[in-house]
Each structure stands twice: as structure tokens, then as C-alpha cells.
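Input: a single structure, listed below in C-alpha cells.
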Amino acid sequence: MDLFGLKQKRLFKKLFKETGIQLTDEPTFPTKWEEENSEQLALEAQTRPASAVPKLEKAVKEHPEIPSLKNFLYIAYMYSGKTKKADALLTHTLEAHPNYIFGVTNKILRANTKEEALQVGHLLREPRDVREFQGYDEPIHISAYKNYQHAAAHYEMLTGENDAAVQRLETLMDIGLDQEYLDMVAEDLAKCRIHAMRERLQNRMDKQIEVTVKQKVYLTESTNTPPTLTHAELNIFYKQSTNELSEQQQKEIFDLPKISLIADLENILEDSMKRWGALEVSDYEENTHEFTLHALYFLGALKAEGSLQKVLNLLRMDEDFTDYWFTDWIEDMFRPTLYALGEGQLAQLQAFALEENVRSYNKLLVCWVASQVALHQPNRRAEVVQWFQTVFQTFLDNPDNEDLIDTTFLSIAVSEVINFRGIELLPLIKQLFKKDWIHEDVSGDLKMITTSLKEEAYLSDLDPLPENIHEYYSREYLQRKAKRPKSEELDALLTKLDSRGEKLISKFWSKMMFGKLGGLSREEGEEEWLDDSDEDVYYKPVKTVVREGPKVGRNDPCPCGSGKKYKKCCLRK
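Each residue of the sequence shown is one higher than the one before, counting from 4 in my numbering.
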């Protein structure tokens, strides 16, 4: 016996000690005919399937009692593209030989969706153990064992039992199988993961309700030139980006007469709307187009509460306006200012949250303000609970209002409730779930949300706020964000992600997701991933994913590796 054989024997022995499963790699043939013919027929089924088909059909007819012949013919049919014949033969094999492991595994591996997997999962038997077919005191041939493990992992990955699927792959890794086979199993599990993810996204889209976003503000005055300002110092906003305005310039502007300064800042905000027709056809340049952001920063630092509706008007514009001016930086641009202007005017923010035909992410900004009021000012917690209660109840009272009901808004609004542990709102959240209005991929299912609401609050749930105009520009206040306490659950998750099986699956998952394997073939009974015709189906849900990690800063190196700053490279691509 060579060194490889000795090593595998030791690994088999170790598996037996840990699980009681006794493996053998010695060939076993129930009949003399199989011993003399099986190896050659199996080889021909894979290497010369077209010419092997008639030979195998004859053999199956002559020896219907031998299930392995049906398996070889099934393989030849599949390799020849005769999938209908293969499926019919597989059904017959399972009926004639219910304990034939390869018939079961072939059937399971044909499943491509959760629904399909659930329909055939019973074939694996309970508990899912290969010994249920061949006895708990009998040696199991390695080919039967590895195929069963693969099929069970395939089923588990499709049905959401990810940990179990990865564990089965690692068990195969532990018994010294060749890397080519392990790669094949890992690639299949990566495809199953993509199919499961695709199903979840499709399920979300099927349930998703979103309003038609309409422009809600129309200024009677329209112009093609910037406004004439009382304070000429503010013209610098049209020439310098927020990154270039010095601390001294910030101070000098901040010290200008407050009433007239605020009036100028409001005019600058409205300039982005009055000149929208002319500006939307031009390229966005930081030096010339960040005047709106300058104005937001100063209005926030000045706590210009009377300007709240002027700021909200920016959020009442249509999606093209929002995408042009704020991209996905809308949270960073608006949150501090909205808190400074709106924390003492929650009624106005609540009215905005209930406005019709407003983009969900724009309205969610005021939900964040309310949630943070409960965290920064605990004495106002009851007020915030009532705020969300009114919002949720209004939605529940108007289930047929297509201009109001938006499941993305409601799902993320619930996550804001979780931030301040608004357990009092759980009855209403349950009602929202009954309406099927909450996406479980935002904050989890109802059980997870209930658990989160009952958890101890963390300082990390409180978002720091700028204390002066310099911090609005420098964003130094973000450094005061408390770190989330260590979580055993998170540590366990990170450990899983770092496991051998997970790494091998992830290697193929990444290649498929980024197109390096060229997608999955429809011809093989699978669906292509992210092809052009499915653009609406597979790109749209991405917009509704809640970001947990930090963003790339405008002045950070661009992730594309160009060496340029992010804002000068891919920010607006």
C-alpha cells in the first residue's frame, strides 16, 4: 500500500472513532457480471456517452436487477444532453431500488431551488445519515459516502442550512479526498448559495411595495444664474469644495450677522432647485457644485430651526435630483443638519415621514433623527415611542394607499426602533409583519427583531453629532462613535467565515458572482446569474440593502486601485 493509501486509512479510522461511520475503499461487486463489466461501462458513460447509450440500454434491459447499470445510463443520458430520458430513468430507478444511494443522490442534485429541494429532501431520510441506507454496522464504500455527503450538503445549502452544508464539505476534506472532487463539491455549493440568494431577492421583490416618487416642490421663480447674496463672502461656496474651505474661512462666515446669513444660506439651498433644469445636464464637480452641502453644514451649525422646511424641500424633489446632488452620501450630508434643526420639531418630521410619493430613503432620514433623540435625550423616549406609533399606525390604517405604503421604508424604520430598543412598539411591528410589509433581510425575522428589542442598549447605538462648524467639515465628530461591545455571536460568525470549507466555497462564489466563470448554464437546468436581460430583477434589490460597514471617504484612496482620491475617480460613476 502506498503512502497515500496509508494516510487515507488513518483518516478513515479517525472518522470511525469520531462518528462511528466505517469507510472502505475496497471495490465491492454484488455479482460476477458487475465485477467484470462495471468499470468499463462507467468509463464509457462519461468519456463516450453517445456511443455508450445503446450498449447501456441493452445491459439495463438484460439486467434490470442491477441498479448501477441504470446509474451509468443516467450519466450517459445527462452527458449526451438527453435530460428528459435521464429524468424518466431516475424516477424508475428510485421506484425499483429505493435503497440505492446513487439514485437518491442524483435526484437531490437535480434540485436547483429551495422548493425543488424540499420536495425531494425526504429521500435523504432522517436523520440525514448514509447509514440509514446500508445499516449502522456495515462498512460504507467511500464512493457512496462522498456522494451522499455531497447531496445532503446540496440540499442543506438550498434550504438555508448553511452551517450543516459547510460541515459536510469539511468532513469530506478530512478524509483525504482529491482536491478536484472537493473543488467540484465546493463549486456546486457556491452555485446553490447563489440560487438561494437569488430566490431570496426574488421573494423580496415579489413582496416589495414601493411608492412612485414624484417631485413635490415647484418653485415659481426659475433662473439660470446663482442668486445675488447679501454676504459676498458666501460666493466662495461656488468656487471651493467642502474639502477646500479652510477653518479660518469657516469661522469668518459663521460670524456674519445671523439673520441675513441664514437668508443667504436658504437662497443657496433653493438655487439647486431653481437652476435644476440647467444644472442637471452638466457634470457634477466638487469645486462648483458643493454649494448646497456648504449651506447644509452652516444651517446645521447655526441651528437654524426656521429653515427646516427649506431643507426638507430638497428631499421632496424627484429621484434624479437626489441621485445627482447626493448619491449615496445623503445620510452623511443630511443627518447632522436634520437633527440640529428638527430635534425640537418632531411633529414636522413626523408629517414628512407620512408624506406621499417621497423616496423611502429620504423619509428614513427623519426616522433616524427621532431614534437618535431617544438616545441622546432619554427623557424624551416616550415622545419618540409615540412618534413611531403614529407613523406605523397611519400605514396600518391606510393599507390601500399606493402613494404611501413602502415596504423598504417600513423595514428600515423598524431597524431605527431597534436602535433605541423601542420594545413598546412590538405589537405594531407584529401587525406590519402580518401585512408582509417587513423585509427579513433588513433586521431579521420577527423572532430576531423581538430578541434585539429586548437586548441591552449599547453606547454604539448612539451616533455622535458635530459640535461646531469645523466638525461639520472635518467630520472629526465621527471619531467619538463608541465601539460595539464584543459579541460572542459575531465572533462565532467570523470563525465560521474563516473555516476551511467556507473559504473553499467562497472562492468559487466570488468567481461566479464577478463573472469569472461565465455564469451558470441554462442548458444544464440552471439559471444564468446577472445576465443583461435580468437587470431589473437582480440589480434593483441591491439598492435596498442596509449598509453595515463604513463607507469609503471622499478623500480616501479609490477602491478601484487607480491611486486617485475616491471623489476624483469612482464616486459618481
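By construction, the Cβ of each residue, glycine as well, lies at the ideal position given by its N, Cα and C atoms. As the structure is a computational prediction, the values presented were derived from the model and not from experiment.
- The shortest CA-to-CA distance from residue 264 to any of 148, 222, 307 is the one to 307.
- For residue 339, the enclosing alpha helix (DSSP H) stretches over residues 333 to 345.
- Rounded to the nearest whole angstrom, the C-alpha separation of residue 421 and residue 452 is 7 Å.
- CA-CA distance, residue 384 to residue 269, rounds to 31 Å.
- The alpha carbon of residue 276 has as its nearest neighbour, out of 294, 262, 261, 260, the alpha carbon of 294.
- In this chain, the alpha helix (DSSP H) harbouring residue 365 covers 363 to 379.
- Per the coordinates, the alpha-carbon of residue 262 lies some 31 Å from the alpha-carbon of residue 357.
- Scanning its chain for C-beta atoms nearer than 8 Å, with the 5 sequence neighbours on each side dropped, one finds around residue 18 the residues 24, 26, 174, 177, 178, in chain order.
- Of 52, 201, 360, 296, the smallest CA-CA separation from residue 332 is found for 296.
- Exclusion of the five residues before and after residue 59 leaves 44, 48, 72, 75, 76, 79 as the residues of its chain whose Cβ lies within less than 7 Å of its Cβ.
- No residue range can be given for residue 440, since it is assigned to no alpha helix (DSSP H) and is classified by DSSP as neither H nor E.
- In summary, residue 414 is buried, with 16 or more beta-carbon neighbours lying within 10 Å of its beta-carbon over all protein chains present.
- Nearest neighbour of residue 194 by Cα position, chosen from 366, 168, 282, turns out to be 168.
- Counting C-beta atoms within 10 angstroms of its own C-beta, residue 187 has fewer than 16 neighbours from the protein chains shown and is therefore classed as exposed.
- Selection 317, 355, 260, 30 evaluated against residue 272 yields 317 as nearest (Cα-Cα).
- Using a C-beta cut-off of 8 Å, the stretch 153 to 160 makes contact with the stretch 99 to 113, since at least three inter-stretch Cβ pairs fall below that distance.
- Its Cα nearest to that of residue 233, the residue 266 stands out among 10, 266, 189, 389.
- As for any beta strand (DSSP E) of minimum length 3 sitting wholly inside the stretch 381 to 426, there is none.
- By the 16-neighbour rule on beta-carbons within 10 angstroms, residue 343 is buried.
- If you look at residue 170, you'll find it in the alpha helix (DSSP H) that goes 165 to 177.
- In chain order, 110, 111, 114 place their CB closer than 7 Å to the CB of residue 123, counting only its own chain and leaving out the 5 sequence neighbours on each side.
- Note: residue 144 is bridge-paired with 27 in the DSSP secondary-structure output.
- Residue burial is scored here from C-beta neighbours: residue 488 has fewer than 16 other C-beta atoms within 10 angstroms and is therefore classed as exposed.
- Between residue 409 and residue 160, the alpha-carbon positions lie close to 31 Å from each other.
- Distance from the CA of residue 217 to the CA of residue 324, rounded to the nearest whole angstrom, comes to 11 Å.
- In the structure shown, the three-state DSSP call for residue 320 is coil.
- Straight-line measurement puts the Cα of residue 319 at about 43 Å from the Cα of residue 164.
- Exclusion of the five residues before and after residue 313 leaves 269, 272 as the residues of its chain whose Cβ lies within less than 6 Å of its Cβ.
- Under the three-state reduction of DSSP, residue 212 is assigned to coil, being neither helix nor strand.
- Excluding residues up to 5 positions away in sequence, nothing lies with its Cβ nearer than 8 Å to the Cβ of residue 400 in the same chain.
- Taking 9 Å as the cut-off, the beta carbon of residue 395 is found closer than this to the beta carbon of residue 435.
- Cβ neighbours of residue 353 within its own chain (closer than 6 Å, five residues either side excluded): 390.
- Taking all protein chains shown into account, residue 284 has fewer than 16 neighbouring C-beta atoms within 10 Å of its C-beta and is therefore exposed.
- Taking every protein chain shown into account, the CB of residue 166 has fewer than 16 other CB atoms within 10 angstroms, so this residue is exposed.
- Between residue 303 and residue 245, the C-beta gap is not smaller than 9 Å, which leaves the two residues out of contact.
- In terms of Cβ geometry, residue 338 and residue 371 form a close pair [threshold 9 Å].
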